[in-house]
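Residue 55 in our numbering sits at position 10 of the sequence shown; the count goes up by one each step and never skips.
C-beta: ideal position from N, C-alpha, C; glycine also.
Because the structure is a prediction, the values reported are computed rather than measured.
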Amino acid sequence: MSLLARLAPHLPYVRRYARALTGDQSTGDNYVRVALEALAAGEQQLSSDMTPRVALYHVFHAIWSSTGAQLETGELATTGDASQRLLRIAPRSRQAFLLTALEGFTPSEAAQILSADPRDVERLIADAQADIDAELATDVLVIEDEAIISADIQSLVQELGHRVTGAATTHDEAIDAVARHKPGLVLADIQLADGSSGIDAVKDILKTLDVPVIFITAFPERLLTGERPEPTFLITKPFQPETVKAAISQALFFHPSRQKQAA
Numbered sequence: 046m047s048l049l050a051r052l053a054p055h056l057p058y059v060r061r062y063a064r065a066l067t068g069d070q071s072t073g074d075n076y077v078r079v080a081l082e083a084l085a086a087g088e089q090q091l092s093s094d095m096t097p098r099v100a101l102y103h104v105f106h107a108i109w110s111s112t113g114a115q116l117e118t119g120e121l122a123t124t125g126d127a128s129q130r131l132l133r134i135a136p137r138s139r140q141a142f143l144l145t146a147l148e149g150f151t152p153s154e155a156a157q158i159l160s161a162d163p164r165d166v167e168r169l170i171a172d173a174q175a176d177i178d179a180e181l182a183t184d185v186l187v188i189e190d191e192a193i194i195s196a197d198i199q200s201l202v203q204e205l206g207h208r209v210t211g212a213a214t215t216h217d218e219a220i221d222a223v224a225r226h227k228p229g230l231v232l233a234d235i236q237l238a239d240g241s242s243g244i245d246a247v248k249d250i251l252k253t254l255d256v257p258v259i260f261i262t263a264f265p266e267r268l269l270t271g272e273r274p275e276p277t278f279l280i281t282k283p284f285q286p287e288t289v290k291a292a293i294s295q296a297l298f299f300h301p302s303r304q305k306q307a308a
């Protein structure tokens, strides 16, 4: 099996991870590209002791470790592409948190990726979550047509200390909810009750409101195409509660409007 065939199923997700880690789609994609080029040139190898997915993330981190210091210490602080809020969380803690909570790796797998001890990874995760949760509280709009799923999502939002100020099941309901109360975060499904599109609803919301968005969907392939701007935060159904919580924290943490508030 060719290298591309082995890695193809995992590329949309390592791109998602890279964007969440860097806070920027183009920057994250650049790191993924460099990692793939290093593999193709033989400068990096997929470890035979790891699954292909774990090995791919391990190679990504080898590239990140050799070049990411510029991103952490200088580039972001001077360009304004990310805020001091991002820099307050140590890179290692942020990596461990994203790998386990957002990407679904076990602490043991994250330890392989980071070349770390699993106990250290668990400590890093706890440190990152504490830092993130201490920063965040906002109003949330949930766009989801399945009543049970919507209730589950709203419960998770409230557990994190946020307020659910709107719950919509269609495009029109979502637009009306925003008109009544502007949210600080939107959680959206793609396929809605009346056949309308959550993607279209989000596009219309973003025309007038700068707000972070998380898509929670059974159809991730509709968004992770590599052919147009894509959401940094995308969760596939059925979802794990901790994955949703992690995405909420990260979406709020990295979004430019939230960063300006913390400046």
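On a CA-only basis, which of the options is nearest residue i? Give me that one, please.
i: W109; options: G73, E88, I134, L230; result: G73
i: R60; options: A155, T112, Y76; result: Y76
i: D245; options: R267, H226, G229; result: R267
i: L230; options: Q236, D221, D255, G243; result: D255
i: A296; options: S47, A238, Y58, L147; result: L147
i: D162; options: A173, R137, G149, S47; result: R137
i: L56; options: T253, L232, G68, R98; result: R98
i: L49; options: R78, T67, D69; result: R78
i: S160; options: D234, T145, H106, K252; result: H106
Note down the Cα distance separating residue i from residue j, rounded to an integer number of angstroms.
i: S93; j: T288; result: 28 Å
i: E82; j: V223; result: 44 Å
i: D176; j: A135; result: 10 Å
i: I193; j: L181; result: 26 Å
i: G125; j: F278; result: Summary for G125: the model assigns pLDDT 39, below 50, so the residue's position carries little reliability, and this model does not support an answer.
i: A196; j: A212; result: 9 Å
i: R51; j: D221; result: 45 Å
i: P54; j: L101; result: 11 Å
i: D249; j: H226; result: 15 Å
i: D217; j: S47; result: 46 Å
i: T183; j: G206; result: 8 Å
i: Q70; j: A238; result: 30 Å
i: A292; j: G87; result: 34 Å
i: A171; j: P283; result: 25 Å
i: Q203; j: D234; result: 19 Å
i: L251; j: P257; result: 9 Å
i: T36; j: T67; result: Any answer about residue 36 is impossible in this case: the structure gives the chain only from 46 up to 308.
i: R164; j: Q157; result: 12 Å
i: I280; j: Y58; result: 10 Å
i: V247; j: Q140; result: 28 Å
i: E191; j: Q199; result: 12 Å
Report back the beta-carbon spacing between residue i and residue j to the nearest angstrom; my notes put them in contact at under 8 Å.
i: T215; j: S241; result: 5 Å
i: P152; j: V185; result: 29 Å between Cβ atoms; not a contact.
i: I188; j: A219; result: 5 Å
i: F142; j: Q174; result: 6 Å
i: K290; j: L201; result: 6 Å
i: F264; j: Q236; result: 7 Å
So residue i is in the alpha helix (DSSP H); what residue range does that whole segment cover?
i: T72; result: 70-85
i: G211; result: Premise fails: G211 lies in the beta strand (DSSP E), 208-213, not in any alpha helix (DSSP H).
i: I194; result: 192-204
i: V11; result: There is no way to answer for residue 11, as the model of the chain reaches only from 46 to 308.
i: V231; result: Premise fails: V231 lies in the beta strand (DSSP E), 230-233, not in any alpha helix (DSSP H).
i: V10; result: It is not possible to answer for residue 10, since the shown part of the chain is limited to 46 through 308.
i: L48; result: 48-52
i: L159; result: 152-159
i: H300; result: No alpha helix (DSSP H) contains H300, which DSSP labels as neither H nor E.
i: E218; result: 216-225
If you follow the beta strand (DSSP E) that residue i is in, where does it begin and where does it stop?
i: D184; result: 184-188
i: L268; result: From DSSP, L268 is part of no beta strand (DSSP E); its letter is neither H nor E.
i: I134; result: That residue, I134, is in no beta strand (DSSP E); it is neither H nor E in DSSP.
i: L279; result: 278-281
i: V258; result: 258-262
Is there at least one non-hydrogen atom of the ligand FMN closer than 7 Å to the beta-carbon of residue i?
i: P54; result: This structure simply doesn't include the ligand FMN, nor any ligand for that matter.
Any beta carbon from chain B within less than 8 Å of residue i's own beta carbon?
i: D234; result: The structure shown has no chain B; it contains just one protein chain.
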